[in-house]
Amino acid sequence: MPPALPILILTGAGGIGLSIARRLGASHHILLADFSTSALDRAATSLSNEGHTITSLETDVSSLASVVALFKRGQDLASSSGSRIASVVHAAGVSPAQASPERLWAVDLLGTTLVLDEALKIASPGMSVVAIASMAADLLQAPLSPSLTAHLMLAGTDKLMSHPELGGRFSQKGMEYGVAKRGNRLRVQALAKAFGEKGARVNSVSPGVISTAMSAAELEGEAGDLIKGLIDGSAAGRLGAPAEIANAVAWLCSVEAGFVTGTDLLVDGGATAAVDTMKAKALGE
């Protein structure tokens with residue numbers, strides 16, 4: 254009998270999540286989680302038909318009880334098969350075109366923190382944890398205050414969304430997404446030492462504009478012209494492919510990235526670089 258596959262806990266059954274599942278599926282038993290039952294069923298059926306070992310679980314990442322149940326399921330799978338949880342990839346999220354600011358905070362900010370906290374509890378030597386953030390974290394029109402920065406890094410989940418600035422200037426439509434994703438990066442930095450003490454690593458990946466249903470919705474929304482400008486002005490001059498994000502995640506989950514932890518990998522086709530260069534030129538330098 255062949256050895257049992259290590260477990261990959263993967264949240265998010267959308268375009269990026271599904272691509273990550275396909276990229277890592279040959280070497281993992283995938284525990285796939287999503288809030289949408291229909292999306293979860295479609296993804297699980299597709300992956301199973303492609304020959305992957307897949308278990309699915311409906312999960313609301315904004316609910317502590319739901320996230321705890323997900324990790325309990327992962328531990329049960331590992332225990333029953335004599336395997337281990339090797340990787341946790343958090344790709345679940347919503348965009349401004351898909352959700353209200355309140356729901357976006359709950360999923361993209363609180364949800365990521367809940368997943369990272371539960372991953373830390375079961376972290377073991379060799380485990381890799383990756384959170385999907387966004388280049389939107391680099392495109393905020395105003396920097397975060399030291400107070401909000403410290404809050405996003407260190408606040409407990411019961412107080413995470415209570416900072417006064419989250420209900421002020423950063424509550425404007427569209428800005429909450431960048432703040433939430435900046436919070437994801439900051440939380441990864443803050444947890445790196447704790448993961449390292451258990452022999453594990455934690456990182457984030459920040460995609461640019463990727464060819465997914467989420468990006469399509471944003472392109473058709475209020476920010477469509479801005480996003481098109483980011484694509485056209487980027488070094489690559491095109492949308493990214495979900496597989497390109499999956500490749501970055503796969504590298505971070507591999508032994509080749511063994512000295513990489515507590516950081517963010519920006520995979521945006523040079524869009525952020527183009528914006529920064531444009532700002533410098535505007536100053537006449």
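Going by my numbering, the sequence shown opens with residue 254, and the numbers climb by one from there. For each residue, glycine too, the CB sits at the ideal point set by N, CA and C.
Best match in Tyr430, Ser316, Gly493 for proximity to Asp287 [C-alpha to C-alpha]: If we check each option's Cα against that of Asp287, Ser316 comes out closest.
In the structure shown, what three-state DSSP assignment does Ser400 receive? Three-state DSSP puts Ser400 in a helix.
Applying the criterion that 16 or more other CB atoms from any shown protein chain within 10 Å of the CB defines a buried residue, is Gly452 buried or exposed? Looking at its Cβ environment, which holds fewer than 16 other Cβ atoms inside 10 Å, Gly452 is exposed.
Go through the region 269-344 residue by residue and report every complete run of the alpha helix (DSSP H) that reaches 4 residues or more, in order. Entirely contained in the region 269-344, the alpha helix (DSSP H) runs reaching 4 residues are, in chain order, 290-302, 317-334.
If I measure Cβ to Cβ from Leu310 and keep anything under 7 Å in the same chain, skipping five residues before and after, which residues do I get? Closer than 7 Å at the Cβ level, and outside the excluded window around Leu310, lie Leu284, Ala286, Leu323, Arg326.
Beta-carbon proximity check, Ala344 vs Ile307, cutoff 7 Å: No, they are not a contact pair.
Sequence-distant residues of the same chain with beta carbon closer than 7 Å to Ala443, five excluded per side: Contacts found: Met406, Leu407.
Pick from Thr514, Ile260, Ile262, Pro354: whose alpha carbon is nearest that of Met414? Comparing Cα positions, the closest option is Pro354.
In DSSP terms, what Pro460 is bridged to: The partner list for Pro460 (beta bridge, DSSP) reads Val520.
Using DSSP's beta-bridge definition, name the partner residues of Gly493. Per DSSP, Ile463.
Considering only DSSP beta bridges, list what Ala386 is partnered with. Residue pairing for Ala386: DSSP places it in no beta bridge.
Keeping to the same chain, check which residues put their C-beta closer than 6 Å to that of Leu439; ignore five residues upstream and five downstream. So the qualifying residues of the chain are Leu405, Met406.
What's the gap between the Cα of Lys412 and the Cα of Gly537? Using only the alpha carbons, I get a separation of about 43 Å.
Beta-carbon spacing of Pro256, His281 below 7 Å: Cβ atoms of Pro256 and His281: not closer than 7 Å.
Can you tell me the Cα-Cα spacing of Ser299 and Val321, whole angstroms? If you take the alpha carbons of Ser299 and Val321, they lie about 26 Å apart.
Please determine if the region 490-499 and the region 261-277 are in contact, where contact requires at least 3 C-beta pairs separated by less than 8 Å. In short, these stretches touch, since the Cβ pair count reaches three.
Residues bridged to Ile480 by DSSP? According to DSSP, Ile480 bridges with nothing at all.
For Val383 and Ser507, what's the separation of their Cα atoms in angstroms? Taking the CA atoms as reference points, Val383 sits about 11 Å from Ser507.
DSSP on Leu393, reduced to helix/strand/coil? Assignment of Leu393 by DSSP, reduced to helix, strand and coil, places it in the coil class.
For Leu362 and Ala533, what's the separation of their Cα atoms in angstroms? Near 31 Å, if we compare the C-alpha coordinates of Ala533 and Leu362.
So, helix, strand or coil for Leu536, using DSSP? Leu536 falls in the coil class under three-state DSSP.
Can you give the Cα-Cα distance for Thr525 and Ser301, rounded to whole angstroms? One C-alpha to the other measures close to 37 Å.
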